[in-house]
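Residue numbers (the working numbering): 27 to 543.
Built from N, CA and C at the ideal position, the CB exists for glycine as well.
To start, the structure under review is shown below, and the notes come after it.
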Amino acid sequence: MIKIIKDFLANPIVQYTFGKANYGTRRLYLFQADDNKEAMWLAASEASSLRYEEVADRLRVDIRKGLSWQDATDRRKIAGYNEFSVKNGDPPWKKYLEQFKNPLILLLLASAVVSAAMSQFDDAISITVAIIIVVTVAFVQEYRSEQSLQELTKLVPPSCHCLREGTPDTFLARELVPGDVVLLNVGDRVPADIRLFEATDLTIDESSFTGETEPAKKNTDSVIRPNGAHSSNTNIAFMGTLVRCGIGKGIVVSTGTNSEFGSVFKMMLEEEAPKTPLQKSMDSLGTQLSIYSFAIIGVIMLVGWIQGKPIMEMFTISVSLAVAAIPEGLPIVVTVTLALGVMRMAKRNAIVKKLPTVETLGCVNVICSDKTGTITRNEMTATVLVTSDGYIAELTGAGYNDHGQVLLHKCDYPDKARESVYQLLEASITVGAVCNNALITNEVLMGQPTEGALLAAAMKHGMYNISDRYIRLQEYPFSSEQKMMAVKCSSKYDRDKEELYFVKGAIEKNSTKMYIV
Numbered sequence: 027m028i029k030i031i032k033d034f035l036a037n038p039i040v041q042y043t044f045g046k047a048n049y050g051t052r053r054l055y056l057f058q059a060d061d062n063k064e065a066m067w068l069a070a071s072e073a074s075s076l077r078y079e080e081v082a083d084r085l086r087v088d089i090r091k092g093l094s095w096q097d098a099t100d101r102r103k104i105a106g107y108n109e110f111s112v113k114n115g116d117p118p119w120k121k122y123l124e125q126f127k128n129p130l131i132l133l134l135l136a137s138a139v140v141s142a143a144m145s146q147f148d149d150a151i152s153i154t155v156a157i158i159i160v161v162t163v164a165f166v167q168e169y170r171s172e173q174s175l176q177e178l179t180k181l182v183p184p185s186c187h188c189l190r191e192g193t194p195d196t197f198l199a200r201e202l203v204p205g206d207v208v209l210l211n212v213g214d215r216v217p218a219d220i221r222l223f224e225a226t227d228l229t230i231d232e233s234s235f236t237g238e239t240e241p242a243k244k245n246t247d248s249v250i251r252p253n254g255a256h257s258s259n260t261n262i263a264f265m266g267t268l269v270r271c272g273i274g275k276g277i278v279v280s281t282g283t284n285s286e287f288g289s290v291f292k293m294m295l296e297e298e299a300p301k302t303p304l305q306k307s308m309d310s311l312g313t314q315l316s317i318y319s320f321a322i323i324g325v326i327m328l329v330g331w332i333q334g335k336p337i338m339e340m341f342t343i344s345v346s347l348a349v350a351a352i353p354e355g356l357p358i359v360v361t362v363t364l365a366l367g368v369m370r371m372a373k374r375n376a377i378v379k380k381l382p383t384v385e386t387l388g389c390v391n392v393i394c395s396d397k398t399g400t401i402t403r404n405e406m407t408a409t410v411l412v413t414s415d416g417y418i419a420e421l422t423g424a425g426y427n428d429h430g431q432v433l434l435h436k437c438d439y440p441d442k443a444r445e446s447v448y449q450l451l452e453a454s455i456t457v458g459a460v461c462n463n464a465l466i467t468n469e470v471l472m473g474q475p476t477e478g479a480l481l482a483a484a485m486k487h488g489m490y491n492i493s494d495r496y497i498r499l500q501e502y503p504f505s506s507e508q509k510m511m512a513v514k515c516s517s518k519y520d521r522d523k524e525e526l527y528f529v530k531g532a533i534e535k536n537s538t539k540m541y542i543v
């Protein structure tokens, strides 16, 4: 046992086996939970500079079998679950009470109390109603702002495909640990930061993470000199990104808040937005009114005392003047005005997290914004189709759906010619839809945007699930050198099983390799 402990201190993540006569054979997994917690994961930048064999050695995993279930359970005790959530923070009632910290609200609250004490119940009720409206609207807006952070968690998939004890399995992504071997397919959202060791025509859409519109091509080669940019880590699949094409396998190097996506999430949690100009002005006004009110009370009380008038009478007069000077309608007017602005912007699909921001937007001259996902949607649409004979058709509509039509330009053809043109159009659309690895489900694309645009074009022409009519025998994947893709198929309903080739790509590349029969 002493030797085991010594070996453990030198190499903490080791599996030891020992036996006893009465208890049988046991497996002991030893971890230093405090000192070696950092050793349980690798940063993406570090993992990209290492060969995948070195990464597997660092994380003590056999890439052919993956981790054992027991090993994964022990690692999860150290690394934690593969998830991140917004801190619970203060309860709602406490956050509601924090809205009363505004100087103007405190002044109005004091005015309501004094008015009630002086039996001026009409003023007390009107001021109290104004306070409740203002505080409630501010609380609701802040609550929605906090809830919006939860939207980030939707980028983390609920399940994933993983290799455990040599057997592929599907389970919750939150149960992943560093060292797990993950299998990636088209349409999968990457569940953690993964160092790839297999990549076949693998391209990943990183627009939600880096803002790049073009899917990133991935490989397994180590990056000799990473420049710090995420785009240079071509052997890393980042958490939250989407597999557009190809297949791959990789080792989980970091999970949860230790991932690159998790670091962005932590920054958003730690961000404290500065006060807007409107908030600063309202705070300043509240402070000034408080000073002036107390000054009025003090001056009137002093004058009355000098003149020998009753103190309570002078106090009542001074408080009445101070309360009358407070614009209790100002906060509610400002809040209602801003709320109307938020509603108008919401009709234009613009979400405002903080109510006072509406006023600040009126002072903006230049907006610096990420393009992909903010200004654009990273979607493509086929708008014009040209046949080999020069006929042109226009495709209307947008999005990955059948909302649109295929309209011929100059539709003054004879009936036979029109039929011939439509056959050419149908042939062109068929090639684009069959020579295609994308899939559209409920207007959601799984695959590359260019291929999705071709499928949508087929749907607009009334051609659904064209690829189901054929059996794919072989695929020649697209490459930047060949600039073309081809598939060899046979018809499901053709008795002769004639082999057909469907080819798409750059015209200058295809025209030199084809001839018309």
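**OP:** In the DSSP assignment, find the unbroken alpha helix (DSSP H) run with residue 99 in it and report its ends.
**Re:** Residue numbering aside, residue 99 sits at position 73 when the sequence shown is read from its first letter. Residue 99 -> alpha helix (DSSP H) spans 95–105.
Subject >> contact_flag[the region 458–469, the region 491–500] where n(CB pairs < 8 Å) is 3 or more >> reply: yes
Original post:
Which term fits residue 426, buried or exposed, when burial requires 16 or more other beta carbons within 10 angstroms of its beta carbon?
Top reply: The sequence position of residue 426 within the sequence shown is 400, counting from 1. By the 10 Å Cβ count, residue 426 comes out buried.
Original post:
Got a sec, what are the start and stop residues for the beta strand (DSSP E) residue 433 sits in?
Top reply: If you number the sequence shown from 1, residue 433 lands on position 407. From DSSP, the beta strand (DSSP E) with residue 433 extends over 432–434.
Original post:
Do residue 357 and residue 315 have their C-beta atoms within less than 9 Å of each other?
Top reply: If you number the sequence shown from 1, residue 357 lands on position 331. If you number the sequence shown from 1, residue 315 lands on position 289. For residue 357 and residue 315, no; Cβs fall outside 9 Å.
Original post:
Quick one: is residue 499 near chain B, going by C-beta distance under 9 Å?
Top reply: Although the question refers to chain B, the structure presented lacks it and comprises just one protein chain.
**OP:** Select from 408, 311, 102 and 279 the residue whose C-alpha is nearest the C-alpha of residue 200.
**Re:** In the sequence shown, counting from the first residue as 1, residue 200 sits at position 174. Checked all of 408, 311, 102 and 279; the closest Cα to residue 200 is 102.
Original post:
Can we count residue 389 as close to the ligand ZN, meaning its CB is less than 8 Å from some heavy atom?
Top reply: Ligands displayed in this structure: none; no statement on the ligand ZN is therefore possible.
Original post:
Since residue 502 sits in a beta bridge, which residues does DSSP pair it with?
Top reply: In the sequence shown, counting from the first residue as 1, residue 502 sits at position 476. 512.
Original post:
Based on the DSSP secondary-structure assignment, which residues constitute the bridge partners of residue 243?
Top reply: Along the sequence shown, read from residue 1 onward, the residue named residue 243 stands at position 217. Residue 243 pairs with 229.
Original post:
Looking at the unbroken alpha helix (DSSP H) that takes in residue 303, where does it start and where does it end?
Top reply: Here residue 303 refers to the residue found at position 277 when the sequence shown is read from its first residue. Note, residue 303: alpha helix (DSSP H), 303–333.
**OP:** Answer with buried or exposed for residue 326, where buried requires no fewer than 16 other C-beta atoms within 10 angstroms of its C-beta.
**Re:** Numbered from 1 along the sequence shown, position 300 holds the residue referred to as residue 326. It is buried - the Cβ of residue 326 has at least 16 other Cβ atoms within 10 Å.
**OP:** Could you pull the start and end residues of the alpha helix (DSSP H) that residue 283 belongs to?
**Re:** What you label residue 283 is simply residue 257 of the sequence shown in a count that begins at 1. Where residue 283 is concerned, there is no enclosing alpha helix (DSSP H), given that its DSSP letter is neither H nor E.
Original post:
Is residue 338 helix, strand or coil when you go by DSSP?
Top reply: Indexing the sequence shown from 1 puts residue 338 at position 312. Of the three classes helix, strand and coil, the one that applies to residue 338 here is helix, per DSSP.
**OP:** Could you give the DSSP three-state label for residue 217: helix, strand or coil?
**Re:** The residue labelled residue 217 in the question sits at position 191 within the sequence shown. Residue state, collapsed to three classes: coil.
Original post:
With which residues is residue 426 paired in a DSSP beta bridge?
Top reply: Indexing the sequence shown from 1 puts residue 426 at position 400. Per DSSP, none; premise fails for residue 426.
Original post:
Out of curiosity, what's the CA-to-CA distance linking residue 233 and residue 215?
Top reply: One-based indexing of the sequence shown puts residue 233 at position 207. One-based indexing of the sequence shown puts residue 215 at position 189. Each residue's alpha carbon lies about 13 Å from the other.
**OP:** Starting from residue 73, trace the alpha helix (DSSP H) both ways and give me its first and last residue.
**Re:** Position 47 of the sequence shown holds residue 73. Here the alpha helix (DSSP H) through residue 73 covers 70–75.
**OP:** Pull up the CB-CB distance for residue 451 and residue 413, whole angstroms please, since I reckon it's below 8 Å.
**Re:** Within the sequence shown, numbered from 1, the residue matching residue 451 stands at position 425. Within the sequence shown, numbered from 1, the residue matching residue 413 stands at position 387. The pair is a contact, with the Cβ atoms about 6 Å apart (cut-off 8 Å).
Subject >> Three-pair Cβ contact test at 8 Å for the region 207–222 versus the region 261–277 >> reply: yes
Original post:
Is the CB-CB distance between residue 524 and residue 514 below 9 Å?
Top reply: Your numbering for residue 524 matches position 498 in the sequence shown. Your numbering for residue 514 matches position 488 in the sequence shown. Contact flag unset, no.
**OP:** Measure the alpha-carbon distance for residue 371 versus residue 401 and round it to whole angstroms.
**Re:** Within the sequence shown, numbered from 1, the residue matching residue 371 stands at position 345. Within the sequence shown, numbered from 1, the residue matching residue 401 stands at position 375. Distance between the alpha carbons of residue 371 and residue 401 is about 15 Å.
**OP:** In angstroms with no decimal places, state the Cα-to-Cα distance between residue 88 and residue 207.
**Re:** Reading the sequence shown from its first residue, position 62 is the one you call residue 88. Reading the sequence shown from its first residue, position 181 is the one you call residue 207. Approximately 9 Å between the Cα atoms of the pair.
Subject >> Cα-Cα separation between residue 483 and residue 470, rounded to whole angstroms >> reply: Translated into positions along the sequence shown, residue 483 becomes position 457. Translated into positions along the sequence shown, residue 470 becomes position 444. Cα to Cα, residue 483 sits roughly 15 Å from residue 470.
Original post:
If we call anything under 9 Å between Cβ atoms a contact, is residue 191 one with residue 257?
Top reply: Locating residue 191 in the sequence shown gives position 165, counting from the first residue. Locating residue 257 in the sequence shown gives position 231, counting from the first residue. It is not a contact, given that the beta carbons lie outside the stated cut-off.
**OP:** Out of 161, 476 and 311, point me to the one whose CA is closest to residue 510's CA.
**Re:** Walking along the sequence shown from the start, residue 510 turns up at place 484. Considering only alpha carbons, the answer is 476.
**OP:** Report all residues from its chain with a CB closer than 8 Å to the CB of residue 322; omit the five preceding and five following residues, and keep chain order.
**Re:** If you number the sequence shown from 1, residue 322 lands on position 296. 344, 347, 348 and 351, listed in sequence order.
Original post:
Nearest to residue 431 by alpha carbon, out of 118, 486 and 228?
Top reply: The sequence position of residue 431 within the sequence shown is 405, counting from 1. Considering only alpha carbons, the answer is 486.
Original post:
Roughly how many whole angstroms lie between the Cα atoms of residue 100 and residue 154?
Top reply: Indexing the sequence shown from 1 puts residue 100 at position 74. Indexing the sequence shown from 1 puts residue 154 at position 128. Distance between the alpha carbons of residue 100 and residue 154 is about 57 Å.
Subject >> Pairwise C-alpha distance: residue 84 and residue 528 >> reply: Looking up residue 528 in the sequence shown gives position 502. Looking up residue 84 in the sequence shown gives position 58. Rounded to whole angstroms, residue 528 to residue 84 spans 46 Å at the Cα level.
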